[in-house]
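One rule links them: number in the numbering used here = place in the sequence shown (from 1) + 156.
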Amino acid sequence: MSLPLLVERLREYHQWRLHIANAVHQIAKLSVELEILPSGTMLRMDNLSREIASDQLRISFFGEFARGKSELINALFFSDLGTRLMPSGPGQTTMCPVEITHSHESPSLQLLPIRSRTLHDSVDKLKKIRDLWTFSLLNPEDRKDCSEKMAQLTETLCVPLEEARKYGLCAQIKEFGGQTEATHCSSCGEGKVKISRWRYALLQWAHPVLEAGLVILDTPGLNSLGSEADLGLEAARGADALIFVLSADSGVTQSDLAIWEQSLGRNAMQNQLVVLNKVDTLWDDLRSSEEEATAILMQRERTAKSLNLNLEQVIAASAQKGLLGRIRQDQGLCERSGLAELENAIAEILIPGKRASILSSAQRLINRVVIDQRVLLEEQVKNLCGEIESMERLQAQTGEQLPRLLERQQKLMRTFAGDRDTFIMKEKEFLESANTWLLQALSLEKLDQIVAAARAELLAAWTTVGIYERFSKFFEETIAQFDNALERANRLSALMLDAYRVLEQQYGLPKLDTMPYAILPRRAELLAMADRYERFGKRLEIAASTQGSVVRKAFFSLAQQVEAFVEETRKDLRNWVNESLDLMNRQLELFATQSKEKLTALESIVDSSANIQPRIQSLSQQRKVKEDNLSALNDTYASLCSLLQMDRDVALQKNHAEAFLA
């Protein structure tokens, strides 16, 4: 029996990841044997290999209330259960984000209470505090028990309005003149509102599609009363692929368009699909099948145009009819539901998009590692060839010239020893500058001051414009820190290179013009983060929740992200300085070793000119080893390029140009 398409493609993707991870590991292993690059670079290669091997494809489902997201998950992935896994149907709406992953143990459901919103930690951190969660074992064989426990995902609470606002929900809206609008839900009674009982859910289930590496995130309706929409939208930024669920009969509504443009549409084109669900509402027995197909195609075309997508990224499907058809094994209903087309789109669009993302993150580090080692190996081979030629000329010289050559080599080594000591003193100054002057530009204390000032001003702002301006000012102040750090990093890099070039020019050391920078790409990431939060502010205006706890929670989450981002950048800056100086010291150590070998050889040659030929043979053997190392590096990289489906020479040239411009 053939495997379902998604399971087959996910398993293929899993095997591809393992091949890529192994190839990266082979490059790292060879680099360790060559002993050319700093240990920090090798550690990053090993980390990259492990990250690729353990990576998963995270697909998030988004849409407004009652669009059928949970039913779509049931139909796509779990129809083989013969019943619904996720609650779906009249009066059954998922009220909190549900993260579905594979479990080798007994299936379980873990629920995080809504009161956890009063804590100042992210959900990822709260996942590690087991006592906060409500835990239930699920028995797939007992459908009634399993269904009752899964129904907890739809549970709500009626709470006083002030309690809801304490959780950051149902924010106050100040009208003109300072009057406060009384927001309440009539179904709960005066002064009360209905909110979700749970904030987040972790569902672990044994299933082939999950075992193949898929993680599914089901989110509540983004316009659900009393739900934490921000949490679902935050998850969009961490997802590898997005599936935006609309209603086939209405197409793209104004609120759908606002959500797409301000939150979801910022992701890469190849990582998005839009599903026009409930396409059975367009089925019409009074029309021919051709007329019906034309009507559905027109709706897909209008949707693709509205969202600026390719037509193949918009799929018309009926989750309910597809689930029914698969459970009843009704082939005709299955084909008409459009689920097969959606599965194919996930396999042909979302999975390749994730592969491209992995390739993009891997290529830059791999190319840099290969370039650095290739340049240094070629330089070593060149130096050995020059020394062999020198020894061959020496072999033809008379014995009277040898003592002068020996004296010259001894003087060279004394001079080099003094210059190296001077460089070591400067190295200490560089390290001290990196730990004080350079890192002061990204001071955590200064960032704390910026955060405190921004928080205070945000809480005092009651207008949308005021909030926009304070978010923008926060990022301007933070980016200014990065610009200052970049300027200082450039100045420190110039000082380090100037100190090395003195020795490079005097002793013929390899050129080290391509220095890795950490701050420039991170500044670009910070600008992207600023753009996302500007759109967050606009979404707040549309959702009419720009005050109180929502803004406080949003800014607190932003502050935590930026603080962690700055701390990681500080770590990268330290690594950059240490690795740069380590690379320079390796060249000095190599020159010292080669000079000592040459002195020993000359001393031996002075005693007996018969030692010239063994020295030439020794140098030739060293050259052969270096040439073999270079060949092994090129062969390993060629194999990796074939696996990564990229042109080796073009990739290296591009990486070299980027390093030069940096």
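By construction, the Cβ of each residue, glycine as well, lies at the ideal position given by its N, Cα and C atoms.
Is residue i helix, strand or coil when you go by DSSP?
i       : result
Asn-466 : coil
Ser-546 : helix
Ala-357 : strand
Gln-485 : coil
Val-408 : coil
Cys-490 : helix
Ala-472 : strand
Gly-394 : helix
Ile-372 : strand
Leu-313 : strand
Leu-293 : strand
Gly-105 : Given that the chain is displayed from residue 157 to residue 818, the structure contains no residue 105 and the question cannot be resolved.
Gly-478 : helix
Gln-637 : helix
Gly-509 : helix
Ser-245 : Position check: residue 245 holds Gly in this sequence, whereas Ser was assumed. Gly-245 falls in the strand class under three-state DSSP.
Pro-666 : coil
Met-251 : coil
Ile-285 : coil
The alpha helix (DSSP H) spanning residue i covers which residue range?
i       : result
Pro-364 : 364-367
Pro-559 : 558-589
Ile-351 : Segment 348-352 is the beta strand (DSSP E) holding Ile-351; no alpha helix (DSSP H) there.
Gln-171 : 161-190
Val-279 : 279-282
Ala-397 : Here Ala-397 belongs to no alpha helix (DSSP H); instead the beta strand (DSSP E) covers 397-403.
Thr-197 : 195-210
Ile-606 : 600-616
Leu-317 : 317-322
Leu-495 : 495-501
Cys-344 : Note, Cys-344: premise wrong, no alpha helix (DSSP H); not H, not E.
Arg-273 : Counting along the chain, Arg-273 falls outside any alpha helix (DSSP H), and DSSP gives it neither H nor E.
Asp-301 : 299-306
When the Cα of residue i is compared with those of the options, which residue comes out closest?
i       : options                            : result
Ile-270 : Glu-643, Gln-661, Tyr-356, Met-652 : Tyr-356
Ala-757 : Leu-746, Pro-770, Leu-413          : Pro-770
Gln-656 : Asn-646, Arg-626, Leu-668, Leu-603 : Before going on, a small fix: residue 656 reads as Tyr here, not Gln. Selected option, being the one with the closest Cα: Leu-668.
Gln-428 : Pro-508, Ala-368, Ala-475          : Pro-508
Ser-306 : Asn-734, Pro-263, Asp-412          : Residue 306 is actually Met in this sequence, not Ser. The shortest C-alpha separation from Met-306 is found at Pro-263.
Leu-729 : Arg-678, Met-454, Glu-753          : Arg-678
Ser-787 : Val-180, Arg-173, Ser-187, Leu-174 : Ser-187
Met-454 : Asp-405, Glu-491, Leu-489          : Asp-405
Arg-223 : Ile-176, His-363, Thr-409, Ser-210 : Thr-409
Asp-575 : Ser-272, Gln-662, Glu-735          : Gln-662
Measuring CB to CB, does residue i end up less than 8 Å from residue j?
i       : j       : result
Ile-544 : Arg-688 : no
Leu-138 : Gln-565 : It is not possible to answer for residue 138, since the shown part of the chain is limited to 157 through 818.
Asn-785 : Leu-402 : no
Met-251 : Thr-290 : no
Ser-516 : Gln-360 : no
Val-315 : Lys-348 : yes
Tyr-793 : Val-435 : no
Ser-226 : Asp-412 : no
Leu-275 : Leu-268 : no
Ala-460 : Val-431 : no
Arg-167 : Ala-496 : no
Pro-243 : Thr-197 : no
Ile-606 : Thr-634 : yes
Leu-292 : Arg-482 : For the sequence presented, residue 292 should be read as Ser rather than Leu. No, the pair does not count as a contact, with Cβ atoms beyond the cut-off.
Leu-558 : Ile-761 : yes
Ile-256 : Val-163 : no
Ser-210 : Ala-184 : no
Ala-590 : Val-722 : no
Ile-192 : Ala-395 : no
Leu-746 : Gln-529 : no
Ile-176 : Leu-799 : yes
Ala-475 : Ala-715 : no
Considering residue i, what are the terminal residues of the beta strand (DSSP E) in which it resides?
i       : result
Phe-233 : Not the beta strand (DSSP E): Phe-233 falls in the alpha helix (DSSP H), residues 225-233.
Asn-433 : 428-433
Gly-219 : 213-219
Glu-255 : 254-258
Leu-442 : Unbroken run through Leu-442: none, as it is neither H nor E.
Ser-264 : 264-269
Is the shortest distance between the beta-carbon of residue i and the beta-carbons of chain C less than 8 Å?
i       : result
Phe-579 : Absent here is chain C; the protein component of the structure consists of one chain.
Margin query: My parser needs the alpha helix (DSSP H) runs of 4 or more residues fully inside the stretch 716-747; what are they?
Written below: none
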